[in-house]
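Line by line, the protein sequences are chains A and B. In case it helps, the working numbering puts the first sequence at residues 1 to 164. In case it helps, the working numbering puts the second sequence at residues 1001 to 1164. Note that CB positions come from ideal geometry on N, CA and C, so glycine has one too.
Protein chains: 2
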Amino acid sequence: MRVLGIDPGYDRIGVAVLSGNGSAPVHMYSSCITTDKKLALTERLNTLAKELREVIAAQKPDCCAIESLYFTKNQKTAMGVAAARGAVMLVVAEAGLSVTEYTPPQVKVAVTGYGKSDKKDMAKMLWRLIPASKKANFDDEMDAVAVALTHLAHARTTYPQRKS
Amino acid sequence: MRVLGIDPGYDRIGVAVLSGNGSAPVHMYSSCITTDKKLALTERLNTLAKELREVIAAQKPDCCAIESLYFTKNQKTAMGVAAARGAVMLVVAEAGLSVTEYTPPQVKVAVTGYGKSDKKDMAKMLWRLIPASKKANFDDEMDAVAVALTHLAHARTTYPQRKS
Chain A
1 MRVLGIDPGY DRIGVAVLSG NGSAPVHMYS SCITTDKKLA LTERLNTLAK
51 ELREVIAAQK PDCCAIESLY FTKNQKTAMG VAAARGAVML VVAEAGLSVT
101 EYTPPQVKVA VTGYGKSDKK DMAKMLWRLI PASKKANFDD EMDAVAVALT
151 HLAHARTTYP QRKS
Chain B
1001 MRVLGIDPGY DRIGVAVLSG NGSAPVHMYS SCITTDKKLA LTERLNTLAK
1051 ELREVIAAQK PDCCAIESLY FTKNQKTAMG VAAARGAVML VVAEAGLSVT
1101 EYTPPQVKVA VTGYGKSDKK DMAKMLWRLI PASKKANFDD EMDAVAVALT
1151 HLAHARTTYP QRKS
């Protein structure tokens, strides 16, 4: 199974593809899509969609996992993130991929075994997966790798017939 | 000029196309796209995008106007609306249409001449534009017609060389 993990943000969208399963995940790809802040929202969504479609075409994931949106105090940012998320979900759905959402605590449990782990704990676990060439800029892509890994771990739990 | 006006909502998306200008607008098309509440958000965005693309292909608008998103007390609804809005803006941008946003007071001033007019005042003004066949279900599409009309009115102001 190849899972596309996406961390949608306002300015930066983390994208990762993992294969394998929850106990032996393999990092296939990760990147961070950034859009020009000076452009209008429509142009930014356009760029985002184009780049995301390219990743899907090249990496051929089987399904998609995305972190569920949490309420935030900064409503303006939240609206921007929600708009980017809407565009991302449309692109993914049109590519025929199912989308599973995971809450931040679910992602933390899947990655570190503990629902209140911090960014440092997460990085420590995820760092092992990442090829040396990717490590310099890993921070942006970490949440995307984490949610993809969460989906691999859940798939193994949900479908015990799958070889692991 | 043919303006596509869109009122993005969580369950219902009003769509309208007006032509002419601010003093002599002509109703070309309006409808309300609804999506099945039982479906996942991705499927709903998929349906929305498909139907919106059909309207754009059939009506061939030159540009698009959309009401800007206002903060609301119900954050869950706001997130759903923002996601639908992100998908709508992506579809419109990919169709090559420019998007202009108008605040609710701008729409009210353009339609009734008064920034605090209520739904009834708005309906009274817009009702005149609507062909008899559309009147029964007009309520859902009203905000889409209103924002399209706002764009026609502004275009006339902004480009005085345009014949009106």
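The DSSP-derived three-state label of T1035/B is coil. Residues of the region 1098 to 1128 of chain B with a C-beta less than 7 Å from any C-beta of chain A: V1099, listed in chain order. Looking at the backbone, the Cα of A1049/B and that of V111/A are separated by about 35 Å. For the pair P104/A and E67/A, the CB atoms are nearer than the 8 Å cut-off. For L1069/B, the closest Cβ of chain A is nearer than 8 Å.
Below 8 Å, too few C-beta pairs join the region 1124 to 1135 of chain B and the region 119 to 138 of chain A to call them touching: fewer than three. Looking at the backbone, the Cα of S117/A and that of S98/A are separated by about 28 Å. Looking at the DSSP output, G1096/B bridges to nothing.
From the beta-carbon of A1144/B, no residue of chain A is found nearer than 8 Å; the closest lies around 18 Å away. Taking a C-beta cut-off of 7 Å against chain B, the contacting residues of the region 83 to 95 of chain A are A83, A84, R85, G86, A87, M89, L90, V92, A93, E94, listed in chain order. Residues of chain A with a Cβ closer than 7 Å to the Cβ of T1042/B are, in chain order, M89, V92, A93, V99. Those residues of the region 1021 to 1033 of chain B placed with their C-beta closer than 7 Å to a C-beta in chain A do not exist. Taking C-beta atoms as the reference points, V107/A and T77/A fail to come closer than 8 Å.
Between M1079/B and L18/A, the gap from beta carbon to beta carbon reaches 8 Å or more. Inclusion of G1020/B and A1144/B in the CB contact set at 8 Å is not warranted, their separation being larger than that value.
When 8 Å is used as the limit between beta carbons, N46/A is near these residues of chain B: L1090, A1093, E1094, in chain order. Non-local beta-carbon contacts of K60/A in its own chain, meaning distances under 7 Å to residues more than five positions away in sequence, involve R2 in chain order. Distance from the CA of M1028/B to the CA of D62/A, rounded to the nearest whole angstrom, comes to 42 Å. Taking the Cα positions, E94/A is about 11 Å away from R1044/B. Membership of D7/A in the beta strand (DSSP E) is indicated by the continuous run 3 to 7.
Between R1012/B and L1041/B, the alpha-carbon positions lie close to 13 Å from each other. With fewer than 16 other Cβ atoms from the protein chains shown falling within 10 Å of its own Cβ, S133/A counts as exposed.
Annotation: V26/A to A1155/B spans about 54 Å, alpha carbon to alpha carbon. Chain-order list of chain B residues neighbouring A49/A: L1090, A1093, E1094, by C-beta distance under 9 Å. At a C-beta separation below 8 Å, M1001/B has no neighbours in chain A, since its nearest C-beta there lies roughly 19 Å away.
Distance from the CA of L152/A to the CA of T100/A, rounded to the nearest whole angstrom, comes to 11 Å.
As a beta-bridge residue in DSSP terms, E1067/B pairs with Y1102/B.
According to DSSP, residue pairing for G20/A in a beta bridge involves P25/A. Nearest to K38/A by alpha-carbon distance, out of I56/A, E51/A, Y10/A, S23/A, is Y10/A. Excluding residues up to 5 positions away in sequence, nothing lies with its Cβ nearer than 6 Å to the Cβ of D1139/B in the same chain.
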